[in-house]
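J.: What follows is a structure written as structure tokens; I'll ask about it next.
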Amino acid sequence: MSETTNHGSVRDRSREDIYDLILESGGMTRSELAEATGISRSAVTSAVGRLIREGRAVESEPDSKGPGSGSGRPANRITAVASGLPVAAMDFGHNHVWVAVADSLGNALGDSLTVIDVDYNATEAMDLAAAALDALRHEHGITTISNVVCGIPGPVDARTGLVKSPTILSSWVGLSPAQELGHRLGAPVHIENDAVLGAHGELRLGAGRHHKDFLYIKASHGIGAGIVIGGKPFTGSTGIAGEIGHTQLPNNTELCRCGKRGCLETVVSVQSMRKQLQHTHPHLDVTQLDLSTLDDAISARMLNEAGRTIGRVLADLCNLINPGAIIIGGELGASGEALIDGVRSSVHRYAQPATAAALEISAAELGTRAELTGALQLAAWRAQR
Ligand SMILES: [Zn+2]
């Protein structure tokens with residue numbers, strides 16, 4: 003192999019690294035690119051020039067408050083161009099399916115939410131989701147999509163793509179949602195656990211973007227964790243890491259849907275909150291109640307207590323992986339400060355002080371859209387490869 007070819011491939015690799023950074027960051031200046039990659043400024047300039055000539059990137063006007071170029075004049079930002087096919091996402095909750103379409107860079111174009119009982123009707127849920135996505139594509143004039151990323155609220159075996167647990171999402175067990183949905187949609191479908199997608203969303207566009215190591219907790223009808231280590235979601239040897247909703251709480255004997263007794267989810271979930279509210283707020287219709295609309299002292303106390311219970315489990319995880327942030331998503335994460343404060347107090351009480359000291363604990367910046375946003379971002383990333 004000649005030396006020229008070697009140099010050529012190194013240059014190609016550098017250019018692709020730079021392109022990945024532009025894509026993932028949503029735009030960077032040449033100086034920032036040089037700093038982030040360790041590639042010389044002149045090589046960055048040449049790679050960026052080629053990306054622009056190829057139509058894969060554009061140079062955009064600087065922010066007035068953007069970083070300077072060294073001469074005092076703000077530097078132009080290089081951003082990626084959405085030239086590929088649009089992508090799509092699906093987020094199956096325990097009682098909804100939310101579908102969305104985005105351009106090839108993952109910028110959302112539109113979405114629609116349908117209420118269904120996902121747990122017990124896997125086939126019907128997938129039919130409805132496919133129909134909702136078809137309608138959305140039609141509305142946006144999209145004929146072909148490059149790929150779809152779909153989040154489901156249960157463990158997915160990364161080796162087989164099958165839904166794993168025999169008792170969670172019972173009607174989905176043994177199905178291959180990627181194949182089932184792929185047939186219905188006529189596009190490749192990637193299935194991912196919803197908490198992992200929430201982590202991905204917050205990592206790219208939310209509270210996780212300033213952290214390399216953090217825990218994203220989807221606290222909704224179940225409780226799951228998306229673990230980010232070294233800037234990448236960590237899913238374990240078979241893809242099912244983060245099932246923290248089935249951590250046993252001491253002195254709790256309530257039967258869980260997983261078949262065990264005393265799991266975190268039996269004490270803290272949207273359903274258990276609604277059940278408690280039925281007693282404390284008999285005048286409220288709690289069946290579809292949005293917890294973020296509650297603003298009285300009794301509800302705040304209940305949500306704070308729920309946060310403390312979650313925080314007790316998270317404290318042990320903090321000792322284990324020393325995250326820089328804990329980001330609480332799902333409907334419970336979006337319920338307000340009372341729950342987040344509860345998480346904070348337990349983590350500070352039970353985690354090692356040195357671990358808890360520098361830890362940021364907050365609600366998901368993307369709120370209940372974290373999973374859908376993460377799915378669109380992941381679909382865009384997959385479309386580039
Ligand atoms: Zn359980």
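For the sequence shown, the working numbering puts the final residue at 387, and the numbers step up evenly by one. Glycine is no exception: its CB is placed at the ideal position from the N, C-alpha and C atoms.
Assess contact between the region 255 to 272 and the region 368 to 382, defined as three or more Cβ pairs (one per stretch) separated by less than 8 angstroms. Is contact present?
T.: no
J.: My understanding is that A197 touches K220, with C-beta atoms under 8 angstroms, so please give their C-beta distance in whole angstroms.
T.: For the purposes of this step, residue 197 is taken as residue 195 along the sequence shown, with counting starting at 1. For the purposes of this step, residue 220 is taken as residue 218 along the sequence shown, with counting starting at 1. Yes, A197 and K220 are in contact; Cβ-Cβ is about 4 angstroms, under 8 angstroms.
J.: Would you check if the region 24 to 32 and the region 78 to 85 touch, i.e. whether three or more CB-CB distances between them fall below 8 angstroms?
T.: yes
J.: Could you check if G331 is buried or exposed, using at least 16 other CB atoms within 10 Å of its CB as the buried criterion?
T.: One-based indexing of the sequence shown puts residue 331 at position 329. Answer is buried; the Cβ neighbour count reaches 16.
J.: Are the Cβ atoms of R384 and N149 separated by less than 7 angstroms?
T.: For this step, residue 384 is matched to residue 382 along the sequence shown. For this step, residue 149 is matched to residue 147 along the sequence shown. Pairing R384 with N149 gives a Cβ-Cβ distance under 7 angstroms.
J.: With distances taken from CA atoms, which of R139, D215, G176 and Q280 is nearest T189?
T.: Residue 189 sits at position 187 when you count from the first residue of the sequence shown. One point to set straight first is that residue 189 is Ala, not Thr, in the sequence displayed. Measuring from the Cα of A189, the nearest candidate turns out to be R139.
J.: State the start and end residues of the unbroken alpha helix (DSSP H) segment that holds V272.
T.: To locate residue 272, count along the sequence shown from 1; it is residue 270. It spans V272 to T282 - the alpha helix (DSSP H) in which V272 sits, taken as one unbroken run.
J.: Let me make sure I understand the geometry here. Which of R263, I342 and G226 has the alpha-carbon closest to that of V158?
T.: In the sequence shown, residue 158 corresponds to position 156, counting from 1. Of the listed residues, the one whose Cα sits closest to V158 is G226.
J.: By the three-class DSSP mapping on this structure, what secondary structure does T81 have?
T.: One-based indexing of the sequence shown puts residue 81 at position 79. If DSSP states are grouped into helix, strand and coil, T81 belongs with the strands.
J.: Three Cβ pairs or more, each shorter than 8 angstroms: is that satisfied between the region 289 to 302 and the region 322 to 340?
T.: Three or more pairs of CB atoms, one per stretch, sit closer than 8 angstroms, so the region 289 to 302 contacts the region 322 to 340.
J.: Can you list, in chain order, the residues of its chain whose CB lies under 8 angstroms from that of G244, leaving out five sequence neighbours each side?
T.: Residue mapping note: residue 244 aligns to position 242 of the sequence shown, counting from 1. The residues are N195, A197, V198, G226, A227, G228, I229, T237 and G238.
J.: Quick one: grab the DSSP three-state call for A124.
T.: As a first step, residue 124 must be located in the sequence shown, where it is residue number 122. Of the three classes helix, strand and coil, the one that applies to A124 here is helix, per DSSP.
J.: How many whole angstroms separate the CB atoms of S16 and A49, which I take to be in contact at a CB cut-off of 8 angstroms?
T.: Looking up residue 16 in the sequence shown gives position 14. Looking up residue 49 in the sequence shown gives position 47. Correct: roughly 6 angstroms between the Cβ atoms.
J.: Just to check, is the beta-carbon of H248 closer than 6 angstroms to a non-hydrogen atom of ligand 1?
T.: Counting from 1 along the sequence shown, the entry for residue 248 is found at position 246. Flag set: Cβ of H248 near ligand 1.
J.: With contact counted as at least three CB pairs below 8 angstroms, one residue from each stretch, are the region 199 to 206 and the region 308 to 321 in contact?
T.: No, because fewer than three Cβ pairs between the region 199 to 206 and the region 308 to 321 fall closer than 8 angstroms, the two stretches do not touch.
J.: Is DSSP giving A104 helix, strand or coil here?
T.: Looking up residue 104 in the sequence shown gives position 102. Looking at A104 - three-state DSSP - the assignment turns out to be strand.
J.: Candidates H202, R52 and E362: which alpha carbon is nearest L392's?
T.: Here the chain has residues from 3 to 387 only, and residue 392 is not among them.
J.: Tell me, which residues are paired with H98 by DSSP?
T.: On the sequence shown, residue 98 is found 96 positions in, with the first residue counted as 1. Paired residues: V117.
J.: So what's Q386 in DSSP terms, helix, strand or just coil?
T.: One-based indexing of the sequence shown puts residue 386 at position 384. DSSP places Q386 in coil when its eight states are reduced to three.
J.: Would you tell me roughly how many angstroms separate the C-alpha atoms of I154 and H142, rounded to the nearest one?
T.: Here residue 154 corresponds to residue number 152 of the sequence shown, with the count starting at 1. Here residue 142 corresponds to residue number 140 of the sequence shown, with the count starting at 1. Cα to Cα, the separation comes out at about 25 angstroms.
J.: How would you label R161, buried or exposed, when you count the other beta carbons within 10 angstroms and need 16 or more for buried?
T.: Counting from one through the sequence shown, the residue named residue 161 turns up at place 159. R161 is exposed by the Cβ-count criterion.
J.: For T31, write down the residues that DSSP places opposite it in a beta bridge.
T.: Along the sequence shown, one-based indexing puts residue 31 at 29. Note: T31 sits in a beta bridge opposite R79.
J.: Alpha carbon to alpha carbon, how far is T357 from R351?
T.: Numbered from 1 along the sequence shown, position 355 holds the residue referred to as residue 357. Numbered from 1 along the sequence shown, position 349 holds the residue referred to as residue 351. Those two C-alpha atoms are separated by around 11 angstroms.
J.: List in chain order: all unbroken alpha helix (DSSP H) runs of 4+ residues lying wholly within the region 150 to 207.
T.: 179 to 187 and 196 to 207
J.: Sorry if obvious, but does the Cβ on K166 come closer than 6 angstroms to a heavy atom of ligand 1?
T.: Your numbering for residue 166 matches position 164 in the sequence shown. No, ligand 1 has no heavy atom inside 6 angstroms of this Cβ.
J.: Need the endpoints of the beta strand (DSSP E) that V288 sits in, please.
T.: Mapped onto the sequence shown, residue 288 falls at position 286. Careful: V288 lies outside any beta strand (DSSP E) and carries neither H nor E.
J.: Nearest-angstrom Cα distance between L187 and A132?
T.: Here the question's residue 187 lines up with position 185 in the sequence shown. Here the question's residue 132 lines up with position 130 in the sequence shown. Each residue's Cα considered, the two are about 6 angstroms apart.
J.: Measuring CA to CA, which of M30, E362, A382 and R13 is closest to F216?
T.: Here residue 216 refers to the residue found at position 214 of the sequence shown. Among M30, E362, A382 and R13, the Cα nearest to that of F216 is on E362.
J.: Do you know how far the Cα of M30 is from the Cα of K67?
T.: Looking up residue 67 in the sequence shown gives position 65. Looking up residue 30 in the sequence shown gives position 28. With a pLDDT of 49 at K67, under the threshold of 50, the modelled position of this residue cannot be trusted, and the question is left open.
J.: Beta-carbon separation of L135 and V101 under 7 angstroms?
T.: Residue 135 sits at position 133 when you count from the first residue of the sequence shown. Residue 101 sits at position 99 when you count from the first residue of the sequence shown. Yes. Within cutoff.
J.: Skipping 5 residues on each side, what residues in its chain have a beta carbon closer than 8 angstroms to that of S42?
T.: As a first step, residue 42 is located in the sequence shown; it is residue number 40 there, counting from the start. A distance below 8 angstroms between beta-carbons, with the five flanking residues on each side excluded, links S42 to the following residues of its chain, in chain order: A36.
J.: Does ligand 1 have even one heavy atom less than 6 angstroms from the beta-carbon of K262?
T.: Looking up residue 262 in the sequence shown gives position 260. Yes, since a heavy atom of ligand 1 falls inside the 6 angstroms radius drawn around the Cβ of K262.
J.: Hey, G210 and G224 are a contact pair by Cβ (cut 8 angstroms); roughly how many whole angstroms apart?
T.: Taking the sequence shown and counting its residues from 1, the one referred to as residue 210 is at position 208. Taking the sequence shown and counting its residues from 1, the one referred to as residue 224 is at position 222. The pair is not a contact, with the Cβ atoms about 21 angstroms apart (cut-off 8 angstroms).
J.: With the cut-off set at 7 angstroms, would you say L266 and T240 are in Cβ contact?
T.: Against the sequence shown, residue 266 aligns to sequence position 264. Against the sequence shown, residue 240 aligns to sequence position 238. Contact: no.
J.: Measure how close the beta-carbons of V345 and I312 come, nearest whole angstrom, since I'm counting them as under 8 angstroms.
T.: Residue mapping note: residue 345 aligns to position 343 of the sequence shown, counting from 1. Residue mapping note: residue 312 aligns to position 310 of the sequence shown, counting from 1. Contact flag correct, Cβ pair sits at about 6 angstroms.
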